[in-house]
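Taken in order, the sequence shown gives residues 1 to 119; the numbers are from UniProt numbering.
Yeah, the Cβ is synthetic: ideal placement off N, Cα and C, and Gly gets one too.
Note that the structure is predicted; figures quoted are calculated from it, not measured.
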Amino acid sequence: MTDQITAELRALEPLFHVVPAGSAREQVSELVAEEFWEIGASGAIYSREAVIDALAERGETPNDANWEVSDFAARELADGLWLATYQLVQDAGRTSRRTTIWRRVDGRWAAEFHQGTLI
């Protein structure tokens, strides 16, 4: 079960980094919980709407060709609540550790929290 969940979350996690052009706003809105919030790599706190706006804008001019995810892992925190962790290397060697808390409700995943920490 853990391998299946890890694969599902690994497929969803690029949401925060690789946003397809077009319907980015709708796609992101469906995958983030109403209570979602983020602590960015800068340490700034972002609301759900601020993150959706930023990702929708990023989807208009993608710049993620050289981004690399490694060390991806998923751990169950409680029934239906999972923590995804990984390392992200972006252009120019900017490396961060990322965490996202995902909740599964009615067979659908929704991110509740995301954090990036520069390393």
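* **Residues of its chain near Thr-100, where Cβ-Cβ distance is below 6 Å and the 5 sequence neighbours each way are ignored** => Ala-84, Ala-111, His-114
* Asked: What did DSSP end up calling Arg-97 once you bin it into helix, strand or coil?
  -> strand
* For the UniProt domain "DUF4440" (26 to 109), list the alpha helix (DSSP H) runs that are entirely contained and at least 4 residues long, ordered along the chain. => 48 to 60
* To do: Starting from His-114, follow its DSSP beta bridges and name the residues at the other end.
  => Glu-38, Thr-100
* Of the residues Arg-104, Leu-9, Glu-8, Trp-67, the one placed nearest Asp-79, counting alpha carbons only -> Arg-104
* Asked: Based on Cα-Cα distance, which residue from Ala-73, Val-89, Asp-91, Phe-16 lies nearest to Ala-54?
  -> Phe-16
* For Met-1, which option in Asp-106, Gln-90, Glu-76, Trp-37 has the closest C-alpha, if you only look at C-alpha atoms? -> Glu-76
* Asked: Run through DSSP, which three-state label would Ile-119 get?
  -> coil
* Asked: Should Glu-13 go down as buried or exposed, given a rule of 16 or more other Cβ atoms within 10 Å for buried?
  -> buried
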